[in-house]
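The sequence shown begins at 0 in numbering that gives the first Met the number 0 and counts up by one. Glycine included, C-beta positions come from ideal geometry on N, C-alpha and C. The model shown is predicted, which means the values in this text are computed figures rather than measured ones. Report on one structure; see the data block that follows.
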Amino acid sequence: MNIREMMEEREKQFLQPYAAFSVDAVRDRTEEPCEIRTAYQRDRDRIVHSKAFRRMKDKTQVFLAATGDHYRNRLTHTLEVSQAARTIAKALCLNEELTEAIGLGHDLGHTPFGHTGEAALDAALKQVHPDRCFRHYLQSVRVVEYLEKNGNGLNLTPAVRDGIRNHGTAGHPATLEGQIVRLCDKIAYINHDIDDAIRAGILTESDLPAIYTDALGHTVRERLNTLISDTIYNSQGQSGICQSREVAEAMTGLRQFMFDHVYHHPVVKQEEKKAQNMLTSLFFRYMEHPEEMPEEFAGFLRRGEDRAQVVCDYIAGMTDHYAIARFEELFVPKGWRIR
């Protein structure tokens, strides 16, 4: 019995019956199993070593063009989601590696400039294909199924892809591990966005409504502890991931407060129109001149991929800085000298 088989046997002994067991994992393309790592460990490692994962460090979370070293970006958000989700999975005796893989991969398809970029690409795509939409969670699946490895994808297991696809508010993950990530995505961004908003001077702790902080806590640390602990204690022995009514209502109220007072705040919104105009301009430029995209994306076009989809693939994969550089290169006049 090799190490992987020993770990699979250990899962049968220690995980709950409703956990996702690594031994049951399959892939669309059959591969020889690893002697050391389980299927979900391999998925996690493939995500961490992907190009899309590395690019997240230079993608906006909330604050566009934030100055300072301590604001969250898409990568630090992803790590906080994964950490919280794995804590819950471990306490509930669910599959930690599957949970971690979903957490690390859930935002791989996110655009530059956060949800502002997502909205810009969605609007631009609808001008070409009115019946289609751009959603970052669907793009994340496209990244792992197709775009990585020059069109070969990462060949991840269906459970990981399902968790990535369904991590949004309207999603319905098929596994409890996916349900954990879906909840932890909200837990993480509500709390770290409060922390960043306080750092930016948009909020103070005392601005948060007492009806929510009395239930959840009066610091980021206290709120995270409450939300994670409440989920663990209310999900034990259950067929779904649950919160107590009091905590769930407080979290929902605090999330709405953030939309009203932070996500739509003038400081946050002031640069969004510029970002939207920039990505929209890039979209239609590449629609007219697809030859200006890198060879990798020209290859996708030669395979018969829809041009609008390939342009979305290219722009969605850009970092904030790369998008700005491409816009300047294509649209901003450069100085020149007359001899």
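Requested in this report: Give the DSSP bridge partners of residue 59, in chain order.
Outcome: The residue you call residue 59 lines up with position 60 of the sequence shown. Partner(s): 72.
Query - Own chain residues within Cβ distance below 8 Å of residue 306, not counting five before or after - result: What you label residue 306 is simply residue 307 of the sequence shown in a count that begins at 1. Closer than 8 Å at Cβ, skipping near neighbours: 286, 289 and 300.
**Report entry** Close beta carbons around residue 339, own chain, < 7 Å, minus the five adjacent residues each side
**Finding:** Only positions 0 to 338 of the chain appear in this structure, which leaves residue 339 out of reach.
Report task. Return the Cβ separation of residue 189 and residue 250 in integer angstroms, given the expectation that the two are a contact with Cβ distance under 8 Å. Result -> Indexing the sequence shown from 1 puts residue 189 at position 190. Indexing the sequence shown from 1 puts residue 250 at position 251. Contact holds; Cβ gap of about 7 Å.
Query raised in the report: Using CA coordinates, which residue listed in 101, 33 and 263 is at the minimum distance from residue 165?
Result: Position 166 of the sequence shown, counted from the first residue, corresponds to residue 165. That would be 101, whose Cα lies nearest to the Cα of residue 165.
Query raised in the report: If you check the beta carbons only, do residue 313 and residue 253 fall under 8 Å apart?
Result: Within the sequence shown, numbered from 1, the residue matching residue 313 stands at position 314. Within the sequence shown, numbered from 1, the residue matching residue 253 stands at position 254. No. Outside cutoff.
Query - Same chain only: Cβ atoms within 7 Å of residue 266, ignoring 5 sequence neighbours per side - result: Here residue 266 corresponds to residue number 267 of the sequence shown, with the count starting at 1. Contacts found: 199 and 201.
Query raised in the report: Is DSSP giving residue 93 helix, strand or coil here?
Result: The residue labelled residue 93 in the question sits at position 94 within the sequence shown. Residue state, collapsed to three classes: coil.
Query raised in the report: Between the segment 174 to 181 and the segment 78 to 96, do at least 3 Cβ pairs fall closer than 8 Å?
Result: yes
Query raised in the report: Is residue 201 helix, strand or coil by DSSP?
Result: As a first step, residue 201 must be located in the sequence shown, where it is residue number 202. Residue 201 falls in the coil class under three-state DSSP.
Report task. Identify every run of the beta strand (DSSP E) within the segment 172 to 229, keeping only runs that are complete inside it and at least 3 residues long; order them along the chain. Result -> none
Query raised in the report: Measuring CA to CA, which of 32, 242 and 325 is closest to residue 228?
Result: Here residue 228 refers to the residue found at position 229 when the sequence shown is read from its first residue. Out of 32, 242 and 325, 242 has the C-alpha closest to the C-alpha of residue 228.
Query raised in the report: For the 8 Å Cβ check, are there 3 or more pairs between the segment 110 to 123 and the segment 272 to 280?
Result: yes
**Report entry** Nearest-angstrom Cα separation, counted from residue 23 out to residue 196
**Finding:** Here residue 196 is taken as the residue at index 197 of the sequence shown, counted from 1. Here residue 23 is taken as the residue at index 24 of the sequence shown, counted from 1. Roughly 43 Å between the two C-alpha positions.
Requested in this report: Could you check the C-alpha separation between residue 133 and residue 2 for me, to the nearest Å?
Outcome: On the sequence shown, residue 133 is found 134 positions in, with the first residue counted as 1. On the sequence shown, residue 2 is found 3 positions in, with the first residue counted as 1. Take the alpha-carbon of residue 133 and the one of residue 2: they are about 42 Å apart.
Report task. In the DSSP assignment, find the unbroken alpha helix (DSSP H) run with residue 251 in it and report its ends. Result -> Position 252 of the sequence shown, counted from the start, is the residue given in the question as residue 251. Its alpha helix (DSSP H) spans residues 244 to 257.
Query raised in the report: Residue range of the alpha helix (DSSP H) that residue 163 falls in?
Result: Here residue 163 refers to the residue found at position 164 when the sequence shown is read from its first residue. From DSSP, the alpha helix (DSSP H) with residue 163 extends over 157 to 164.
Requested in this report: Compute the Euclidean distance between the alpha carbons of residue 54 and residue 318, then round it to the nearest angstrom.
Outcome: Here residue 54 refers to the residue found at position 55 of the sequence shown. Here residue 318 refers to the residue found at position 319 of the sequence shown. Answer to the nearest angstrom: the Cα atoms are 6 Å apart.
Query raised in the report: Applying the criterion that 16 or more other CB atoms from any shown protein chain within 10 Å of the CB defines a buried residue, is residue 246 buried or exposed?
Result: Walking along the sequence shown from the start, residue 246 turns up at place 247. Buried, because 16 or more other Cβ atoms sit within 10 Å of the Cβ of residue 246.
Query raised in the report: Helix, strand or coil: which one does DSSP assign to residue 25?
Result: Here residue 25 refers to the residue found at position 26 of the sequence shown. Note: residue 25 maps to coil in three-state DSSP.
Query - Straight-line gap, residue 268 to residue 83 (C-alpha atoms, nearest Å) - result: Here residue 268 corresponds to residue number 269 of the sequence shown, with the count starting at 1. Here residue 83 corresponds to residue number 84 of the sequence shown, with the count starting at 1. Their Cα atoms are separated by approximately 29 Å.
Query raised in the report: Do three or more CB pairs link the segment 30 to 47 to the segment 120 to 135 at distances below 8 Å?
Result: In this structure the segment 30 to 47 does not lie against the segment 120 to 135, because fewer than three pairs of beta carbons, one per stretch, are closer than 8 Å.
Report task. Determine the burial state of residue 184: buried for a count of at least 16 other Cβ atoms within 10 Å of its Cβ, exposed for fewer. Result -> On the sequence shown, position 185 is the one that residue 184 refers to. Classification of residue 184: buried, given that the 10 Å Cβ count is 16 or more.
Query raised in the report: When you compare only the Cα positions, how much space is there between residue 138 and residue 109?
Result: Counting from 1 along the sequence shown, the entry for residue 138 is found at position 139. Counting from 1 along the sequence shown, the entry for residue 109 is found at position 110. Spanning the two alpha carbons is a distance of roughly 7 Å.
Requested in this report: Measure the alpha-carbon distance for residue 158 versus residue 20 and round it to whole angstroms.
Outcome: In the sequence shown, residue 158 corresponds to position 159, counting from 1. In the sequence shown, residue 20 corresponds to position 21, counting from 1. Approximately 10 Å, taken between the alpha carbons.
Query raised in the report: Which word fits residue 232, buried or exposed, when buried means at least 16 other C-beta atoms lie within 10 angstroms of its C-beta?
Result: Residue numbering aside, residue 232 sits at position 233 when the sequence shown is read from its first letter. Counting Cβ neighbours within 10 Å, residue 232 comes out exposed, since fewer than 16 surround it.
Report task. Put residue 19 into one of helix, strand or coil per three-state DSSP. Result -> As a first step, residue 19 is located in the sequence shown; it is residue number 20 there, counting from the start. Residue state for residue 19 is assigned as coil, using DSSP reduced to three classes.
**Report entry** Cα-Cα separation between residue 79 and residue 73, rounded to whole angstroms
**Finding:** Translated into positions along the sequence shown, residue 79 becomes position 80. Translated into positions along the sequence shown, residue 73 becomes position 74. Between residue 79 and residue 73, the C-alpha separation is close to 10 Å.
Query raised in the report: Of the residues 107, 178 and 51, which one's Cα is nearest the Cα of residue 237?
Result: One-based indexing of the sequence shown puts residue 237 at position 238. When each option's Cα is compared against that of residue 237, the closest is 178.
Report task. Mind checking which residues open and close the alpha helix (DSSP H) that includes residue 138? Result -> Here residue 138 is taken as the residue at index 139 of the sequence shown, counted from 1. First-last of the alpha helix (DSSP H) with residue 138: 135 to 141.
Requested in this report: Check the C-beta distance from residue 25 over to residue 156 and give it rounded, since I have them as a contact under 8 Å.
Outcome: By one-based count along the sequence shown, residue 25 stands at place 26. By one-based count along the sequence shown, residue 156 stands at place 157. With 8 Å as the limit, residue 25 and residue 156 qualify as a contact, their Cβ atoms being about 7 Å apart.
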